[in-house]
Amino acid sequence: MKKVFMVHGLSGWPNGGWRVWLMGELEKKEIYACALSMPNTDNPILKDWIEEISRTVEINKKDEIYLIGHSLGTTTILRFLESSATKIAGAVLVSGPIELVENKAVSSFLDKPFNFKRIKSNAKRFLVIHGDNDSRVPFSQAETLSKELGCELVVVKNGGHLTGSEGWDSLPQVFAGLNDMLVAS
């Protein structure tokens, strides 16, 4: 069975932004989708966030798993893939920082370089999506991420950080990219 798990970002919640819309679209295709509730969302601890993804993946390890992250959720998925022995089918990475940013609450997630070789070995497919005018995560980080993962970078014109508070209650680019992965598997 194909299953999609979404990981929100700092101070986020499972049903925020475009996640509810995406779950509805996936339900129409009879694909199981769930947005994880990450612990201590305002003061995240990397180990706890990785454990939440690990627990979910372990429970569903017989299924074809796809992870979708937004912002710090993207960073957490990368750290999970870097440390995991479990392979997943694909990851859609939205507005994710890969280098230190101004927000000190996320510095422990970004205090060391990523092992992209290891990350790539634990997922079959990747897609990076980023707003061209994101004020929180520089666009150059998305360019670096897509280059390191050897995947497409989908640019959302005037997308900002692609949050619900910026008006993103749906994000067709995520659905289209994920659908391409689902069909290709």
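Positions -7 to 177 (our numbering) are the ones given, in order, by the sequence shown.
Idealized CB from N, CA, C, for every residue including glycine.
Please read these numbers as outputs of a predicted model, since none were measured by experiment.
Nearest-angstrom Cα distance between residue i and residue j?
i, j, result
"Gly1", "Gly65", "5 angstroms"
"Phe72", "Ala134", "18 angstroms"
"Leu102", "Glu91", "6 angstroms"
"Asn114", "Val49", "12 angstroms"
"Arg128", "Val147", "15 angstroms"
"Leu119", "Thr68", "15 angstroms"
"Leu38", "Ile51", "20 angstroms"
Keeping to the same chain, check which residues put their C-beta closer than 7 angstroms to that of residue i; ignore five residues upstream and five downstream.
i, result
"Glu44", "Leu28, Met30 and Pro31"
What whole-angstrom Cβ distance do residue i and residue j have, given they're in contact under 8 angstroms?
i, j, result
"Glu56", "Lys149", "So it is not a contact: roughly 32 angstroms between Cβ atoms."
"Leu141", "Phe108", "7 angstroms"
"Leu174", "Ile60", "Incorrect: roughly 12 angstroms between the Cβ atoms, too far for contact."
Leaving out five residues on either side along the sequence, give the residues of the same chain with a beta carbon under 6 angstroms from the beta carbon of residue i.
i, result
"Ala25", "Val(-4), Met15 and Leu18"
Should residue i and residue j be called a contact, given that it needs their Cβ atoms to be closer than 8 angstroms?
i, j, result
"Gly4", "Thr33", "yes"
"Ser87", "His122", "yes"
"Leu85", "Ile111", "no"
"Ile42", "Ser63", "no"
Just to confirm my understanding: we take residue i, look at its own chain, exclude 5 residues before and 5 after, and list those with CB closer than 8 angstroms. What are they?
i, result
"Asn35", "Ala97"
"Ile80", "Val49, Ile57, Tyr58, Leu59, Leu73, Asn114, Ala115 and Lys116"
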